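When we follow my numbering, the leftmost residue of the sequence shown carries the number 103, and every step to the right adds one. Each residue gets a CB set at the ideal place from its N, CA and C atoms; glycine is no exception. Quantities reported herein were computed from a predicted structural model and do not represent experimental measurements.
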Amino acid sequence: MSKPLITIERFLLSQQPEYAKGDLTTLFYDLALGAKIIAMQTRRGAFLNNLGYEDTTNVQGERQRKLDVSADETIYKLNDHTGRLCAMVSEEREDWIRIPDNFSKGHYVLVYDPLDGSSNIDSNVTIGTIFGVFRALDEEKRGRIEDCLQPGRNLVAAGYIIYGTSTMFVYSAGHGVHAFTLDPEIGEFLLTHENMRFPENPTYYSMNYGAYPSWSPGVKKFGDWLQSTQQPRLSSRYIGSLVADFHRNMLYGGIYAYPADVKSPNGKIRLLYEAGPMAFLAEQAGGYGSTGVKAMLDTQPDHIHQRTPVFLGNRSLVEKAEEFIREDHKG
Ligand code: P6P
103 MSKPLITIER FLLSQQPEYA KGDLTTLFYD LALGAKIIAM QTRRGAFLNN
153 LGYEDTTNVQ GERQRKLDVS ADETIYKLND HTGRLCAMVS EEREDWIRIP
203 DNFSKGHYVL VYDPLDGSSN IDSNVTIGTI FGVFRALDEE KRGRIEDCLQ
253 PGRNLVAAGY IIYGTSTMFV YSAGHGVHAF TLDPEIGEFL LTHENMRFPE
303 NPTYYSMNYG AYPSWSPGVK KFGDWLQSTQ QPRLSSRYIG SLVADFHRNM
353 LYGGIYAYPA DVKSPNGKIR LLYEAGPMAF LAEQAGGYGS TGVKAMLDTQ
403 PDHIHQRTPV FLGNRSLVEK AEEFIREDHK G
């Protein structure tokens with residue numbers, strides 16, 4: 103019997119009736135539309151003159167790729183006027199984003215990395231969009247920076263879109279992790295993976311061992327342990343795209359880690375709109391996300407582009423990393 107055709111909106115309505123008339127369902131509709139547009143932009147990048155770099159750098163000091171800018175514009179323009187949001191934060195914009203006064207404001211805050219892993223675009227490697235949704239802390243006021251600087255534990259929903267061999271919209275609204283695959287024939291995301299969970303036994307580890315010399319002694323011991331002769335032996339898979347590595351590890355079990363190193367003394371991954379949403383998904387899928395010292399979801403961002411060391415995946419592996427790091431700190 104063929105699979106029922108369940109769209110994101112239908113599933114969200116059935117899963118969380120309390121949002122039935124709420125803005126979250128329609129916010130997800132806008133995010134899914136953005137995903138379809140960005141998928142087209144990345145797939146047709148070469149023909150839309152979308153590859154290569156802008157003459158600008160983002161707040162991170164990184165040269166902006168044309169697709170970074172177009173993906174950011176797409177998400178911004180789909181959400182700035184809908185009356186569902188009171189604020190946004192984008193990796194590509196220095197300050198938090200106010201909803202223009204001539205638009206009505208909503209109760210949600212959208213934080214997003216419009217295109218993570220964009221250094222892989224020209225080499226045709228899988229990339230992704232990451233997003234998180236908070237509720238405003240004071241719904242009477244127009245959005246404020248305080249509404250943006252919330253720990254991941256406060257997330258109402260989080261997800262990513264992965265632009266790979268197929269385009270998938272993966273999210274959780276606090277009731278498990280669910281994945282919808284874009285059927286390009288009808289232009290609709292349809293449910294293909296309900297209630298995704300990390301398998302009990304992990305298969306992969308994803309770390310850039312090129313940075314090994316500058317890892318802390320505790321992280322080095324963890325990196326050595328991952329490669330030790332433990333059974334069953336884990337396999338190394340690291341493609342330089344957080345969303346792609348995380349997605350594969352959630353399907354087959356594993357850990358993605360980006361510790362602090364000499365290039366990124368506070369870690370490379372951003373807390374608010376990358377590590378927090380991914381840790382929310384990890385916990386919803388039976389896994390765990392940590393800074394190496396504490397739960398990612400309990401980490402309060404001090405500024406919107408704050409970076410953090412990241413350990414995401416099977417709880418057994420993430421807690422092993424915490425153990426090596428803790429032992430090192432004791433020593
Ligand atoms: P490195 C992409 O820029 C990213 O933020 C993650 O998606 C990815 O895992 C990491 O950086 C790759 O960084 O230093 O290993 O090339």
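Thinking C-beta only, is residue j closer than 8 Å to residue i?
i: tyrosine 214; j: phenylalanine 236; result: no
i: valine 345; j: cysteine 250; result: no
i: phenylalanine 282; j: isoleucine 357; result: no
i: leucine 187; j: leucine 217; result: no
i: isoleucine 229; j: glycine 219; result: yes
i: valine 227; j: serine 343; result: yes
i: isoleucine 108; j: leucine 293; result: yes
i: threonine 393; j: proline 379; result: no
i: histidine 277; j: phenylalanine 113; result: no
i: alanine 238; j: valine 258; result: no
i: aspartate 363; j: tryptophan 327; result: no
i: leucine 399; j: glycine 254; result: yes
i: proline 202; j: aspartate 224; result: no
i: alanine 423; j: alanine 359; result: yes
i: phenylalanine 426; j: phenylalanine 324; result: yes
i: threonine 331; j: alanine 141; result: no
i: glycine 415; j: asparagine 351; result: yes
i: threonine 231; j: alanine 173; result: yes
i: leucine 353; j: lysine 138; result: no
i: alanine 260; j: leucine 115; result: no
Considering only DSSP beta bridges, list what residue i is partnered with.
i: alanine 238; result: Answer by DSSP bridge pairing: none, since alanine 238 is not bridged.
i: histidine 407; result: Per DSSP, none; premise fails for histidine 407.
i: histidine 295; result: Ala281
i: glycine 342; result: Note: glycine 342 sits in no beta bridge, so no partner.
i: arginine 372; result: Arg409
i: isoleucine 199; result: Met190
i: arginine 167; result: Tyr155
i: isoleucine 232; result: Asp215 and Tyr262
i: leucine 257; result: None, per the DSSP bridge assignment.
i: glycine 415; result: Ile357 and Tyr390
Which of the three DSSP states is assigned to residue i in this structure?
i: alanine 387; result: coil
i: glycine 50; result: No statement about residue 50 is possible, as the shown extent of the chain runs from 103 to 433 and does not include it.
i: threonine 176; result: helix
i: serine 268; result: coil
i: valine 161; result: coil
i: glutamate 421; result: helix
i: arginine 479; result: Nothing in the structure corresponds to residue 479, since the chain is present only between 103 and 433.
i: glutamate 156; result: strand
i: serine 316; result: helix
i: leucine 107; result: coil
i: serine 392; result: strand
i: serine 274; result: strand
i: tryptophan 399; result: This sequence places leucine at residue 399; tryptophan is not what is there. Looking at leucine 399 - three-state DSSP - the assignment turns out to be helix.
i: glutamate 287; result: coil
i: glycine 433; result: coil
i: serine 206; result: coil
For the beta strand (DSSP E) containing residue i, name the first residue and the last one.
i: alanine 189; result: 187-192
i: leucine 328; result: It is not in any beta strand (DSSP E) - leucine 328 instead sits in the alpha helix (DSSP H) that spans 319-328.
i: serine 308; result: 306-308
i: proline 334; result: Premise fails: proline 334 is in no beta strand (DSSP E) and is neither H nor E.
i: aspartate 211; result: The question names aspartate, but residue 211 is valine in the sequence shown. Where valine 211 is concerned, the enclosing beta strand (DSSP E) stretches over 210-218.
For the alpha helix (DSSP H) holding residue i, just list the boundary residues, first then last.
i: alanine 141; result: 125-145
i: serine 116; result: 110-117
i: aspartate 249; result: 247-250
Residue i and residue j look like a contact to me (Cβ under 8 Å); what is the Cβ gap, rounded to whole Å?
i: glycine 136; j: leucine 180; result: 5 Å
i: phenylalanine 348; j: alanine 134; result: So it is not a contact: roughly 20 Å between Cβ atoms.
i: glutamate 193; j: asparagine 222; result: That belief does not hold up - the Cβ atoms of glutamate 193 and asparagine 222 are roughly 16 Å apart, past 8 Å.
i: isoleucine 177; j: alanine 189; result: Going by Cβ atoms, the distance from isoleucine 177 to alanine 189 rounds to 14 Å, so no, they are not a contact pair.
i: leucine 336; j: proline 301; result: Actually they do not touch by this definition, with Cβ atoms about 13 Å apart.
i: tyrosine 390; j: arginine 417; result: 4 Å
i: aspartate 430; j: proline 361; result: Their Cβ separation, rounded to whole angstroms, is 12 Å, which puts aspartate 430 and proline 361 out of contact at 8 Å.
i: arginine 339; j: asparagine 368; result: About 25 Å; that fails the 8 Å criterion.
How about residue i: is its Cβ closer than 7 Å to a heavy atom in the ligand FMN?
i: proline 367; result: This structure lacks the ligand FMN; the ligands present are the ligand P6P.
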